[in-house]
Amino acid sequence: MEANKTWVDWLFWVLDSAAFKWFFLIFLLVMPLASLLTWAERRQSAMMQDRLGPNRANIGPIRLWGILHFVADALKMISKEDFVPEKAHRVLFTLAPILALAPVLIAFAIIPFGPTIYPHELHHVIDLRVATNATHAVSMQVYSVEFGLLFYFAILTLANYGSTIAGWASYNKFALLGGLRASSQMMSYEVAMGLSLMGVFLVMGTLEPGSMVLWQGPNPLHWGWAVQPFALILFFTAAIAETKRAPFDLPEGEPEIIGYFVEYSGMRFGMFFLAEFIEIVFLSAVMSSVFFGGWQFPFLYADGFHFAGWVVFMPHWAVVLIQFMTFGGKVVFFCWLQLAIRWTLPRFRPDQLMGLGWKRLLPLSLLNVMVTALIVWLLWWWGARDLQPPM
Amino acid sequence: MSHSAQPTTSPSGPEVVSVSPHSDKVRTVRVVRPPREDSSFLPATLKGLSITVKHFFKNVLTKSEVETIQYPEEKKPYPARNRGLHRLMQREDGTVRCVACMCCPTVCPANCITIIPAETTDARVEKYPAVFEIDELRCVVCGLCVEACPCDAIRMDTGLHAPAVEERASGVIDKDTMLGMGSRSIAVQGGVGPGWRAK
């Protein structure tokens, strides 16, 4: 077997490497989506406000509703003057945008962006009763680890340093105040965000997003939103605050309360900007993985549709394709929802922000954890052993 | 001020329930807090989202409420009395109607009109403008020149904007240009000239 490896085996070996999967995920899925979001946000806000928005960027006759605006933006940012204030701390000033951007890109490693692919079975219908040969499985998750969501919290906390250091290194009082607002806000909401996912952890018995998706299965009534509805609302609110966007955009309200990257121009600013949009995509991916079944399509099992006794068998490649597109669709929907919220709600006052974080979200998420724990314990007592973590 | 159990309302501020007999600064007031369902922000968020999302889908699907005018391709017609670039009106024979009476440069608040009069052989008019220039960069588009003109020689009804120019000197438009935009006026130019004395 080892001696005569075909080119197909080598191809799968490359496809299964973490570096390749990360590259594929970031540069072919996340970056294009985040770049398009910079345009989509302006177009969507325009449509919500009865305007048309930017629709004119074109290459010759190719106009495509102005989608190419993100190319124009990138060219503009790259060709702008790279200005550093005279008294700024040059090293930290350069480091800050990287610290804002890198953690999000790293955190994507835990996202299960597709089902496990069995390359040798692509043209067959998977038989659920027979264990599939797992040695040739390509898992669509870069870093599958038991402490998955903790890894996400740990890594994204580092993004906090990006904003704070940007504010401090700029040698600008307004930027410093913005950086302080950013760090206080992100610190406050991380607590509620972590605790809201604890309820999900108690129910599903795992912190690994890939296992969470498998636990949820193809039945929409068994997904995270149904078993942990309060956690969904709490997590979504706290996570929007984490991305520092309206209604929680106090760290950088562009027109009035000048934010932490006021001294940044050109592509340095572009990195903060891109980091914000990648965080939107990341949050959408986490939301769909934890609460909306990830790549699970309703009633689509590995061998085809099962619904109320009806079974439609499908080859493995078709199932995989549908599940990939399902995940993409869910992510795009939650990106859209976040943009809609951002253009609907006015900004909070700082005291309202802190009040919401510490006096509402934190007690409610603690309550959610306690009630969930009680229910899980009672169910376990009465024999529902599948709620416990798989041993 | 005596202690009053009757609730009194002050025009500004919260409702005063009672006032201390010792000092009218010590008062019991009723604070109106927002109802619990409002302070949770959730219903208001959903209500707001329903409005914006409704607009979003209506505009994405039908563009029915979009107010935007796609400017270079699509222009909103100006109102009839819009004041645009100046033009000079013509007589029946195509010559300029202006008699260089100097009313418009006199009334012009921006001093943008230059007229150099010259004598004409036409028996009916004494002068004509040898030079008639308007600096459109200085013009404040007030329309007083049109009001002042006694013989319907200058109008601002072209509907054109002052052109974008690269040098200030190019912002000055001359007589021929303005006359080229002009047309024959149907207004009767008064009098029959100095010849009436001969009658």
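Chains as they are written, first to last, in the numbering used here: chain A, 597 to 987; chain B, 2 to 200.
Each residue gets a CB set at the ideal place from its N, CA and C atoms; glycine is no exception.
*Span separating the alpha-carbon of A:Leu697 from that of B:Val142*: 52 Å
_Beta bridge counterpart(s) of A:Leu997 as assigned by DSSP_ = Beyond the ends of chain A as shown, which are 597 and 987, falls residue 997 of chain A; an answer cannot be given.
_Terminal residues of the beta strand (DSSP E) in which B:Glu134 lies_ = 128-136
*Residue nearest to A:Pro894 in terms of C-alpha spacing, selected from A:Phe857, A:Trp819, A:Ser735*: A:Trp819
*Which residues bound the beta strand (DSSP E) around A:His912?*
Counting along the chain, A:His912 falls outside any beta strand (DSSP E), though it belongs to the alpha helix (DSSP H) covering 912-938.
*Can you pull the chain A residues whose beta carbon is under 7 Å from the beta carbon of B:Thr69, in chain order?*
Arg647, Leu648
*Confirm, please, whether the CB-CB distance from A:Pro847 to A:Asn945 is below 8 Å.*
Looking at the sequence itself, residue 945 of chain A is Arg, so the reference to Asn does not match. Not closer than 8 Å, so no.
*Please report the residue range of the alpha helix (DSSP H) in which B:Thr107 lies.*
104-108
*Which residues does DSSP pair with A:His902 in a beta bridge?*
A:Val907
*Should B:Phe133 be flagged as near chain A, meaning a C-beta pair shorter than 8 Å?*
no
*Counting only beta-carbon atoms, is A:Ala842 nearer than 8 Å to chain B?*
no
_Once the 5 residues before and after A:Pro816 are set aside, which same chain residues still bring their CB inside 6 Å of it?_
Pro894
*Taking DSSP as the reference, what is the three-state secondary structure of A:Tyr739?*
coil
*Counting along the chain, where does the alpha helix (DSSP H) carrying B:Thr121 start and finish?*
Unbroken run through B:Thr121: none, as it is neither H nor E.
*Listed in chain order, which residues of the region 915-947 of chain A have Cβ atoms closer than 8 Å to some Cβ of chain B?*
Ala936, Ile937, Trp939, Thr940, Leu941
_Taking DSSP's pairing of strands, which residues face B:Arg31 in a bridge?_
B:Glu16
*A:Ile836 and A:Gln948: beta carbons closer than 8 Å?*
no
*With C-beta atoms as the reference, is B:Ile174 less than 8 Å away from B:Cys99?*
no
*Could you tell me the distance, in whole angstroms, from the CA atom of A:Val610 to the CA atom of A:Phe619?*
12 Å
*Can you check DSSP and say which residues form a bridge with A:Val799?*
DSSP lists no partner for A:Val799.
*In angstroms, rounded to a whole number, what distance separates the CA positions of B:Lys128 and B:Thr122?*
9 Å
_Beta carbon of A:Gln892 nearer than 8 Å to that of A:Pro942_ = no
_Any C-beta of chain A under 8 Å from that of B:Glu66_ = yes
*Are any of the Cβ atoms in chain B nearer than 8 Å to that of A:Gln737?*
no
*Rank B:Arg37, B:Leu43, B:Lys26, B:Glu137 by C-alpha distance to the C-alpha of B:Met157 and give the top, closest one.*
B:Glu137
_Segment limits, alpha helix (DSSP H) that includes A:Arg638_ = 627-644
*Taking the alpha-carbon positions, what's the B:Phe57 to A:Asp646 distance?*
8 Å
*Could you confirm whether any beta carbon from chain B is found closer than 8 Å to the beta carbon of A:Leu644?*
Correcting the residue identity first, residue 644 of chain A is Met in this sequence and not Leu. Yes, A:Met644 lies at the interface with chain B (some Cβ there is under 8 Å from its Cβ).
_With the cut-off set at 8 Å, would you say A:Glu859 and A:Ser759 are in Cβ contact?_
no
_Residue span of the alpha helix (DSSP H) that contains A:Val809, given as start and end_ = 805-812
_A:Gly925 versus A:Ser641: straight-line alpha-carbon distance, rounded_ = 20 Å
*Coil, strand or helix - A:Thr753 by DSSP*: helix
*Determine, using beta carbons only, whether B:Arg28 and B:Ser19 come nearer to each other than 8 Å.*
yes
*At which residues does the alpha helix (DSSP H) containing A:Ile663 begin and terminate?*
Taken as a continuous stretch (DSSP letters only), A:Ile663 belongs to no alpha helix (DSSP H), as it is neither H nor E.
*asked:* Please return the same chain residues whose Cβ sits closer than 7 Å to the Cβ of A:Phe797, not counting the five positions on each side in sequence.
replied: Leu803
*Closer than 7 Å, Cβ to Cβ, to anything on chain A: give me those residues from the region 38-60 of chain B, in chain order.*
Thr46, Gly49, Leu50, Thr53, Val54, His56, Phe57, Asn60
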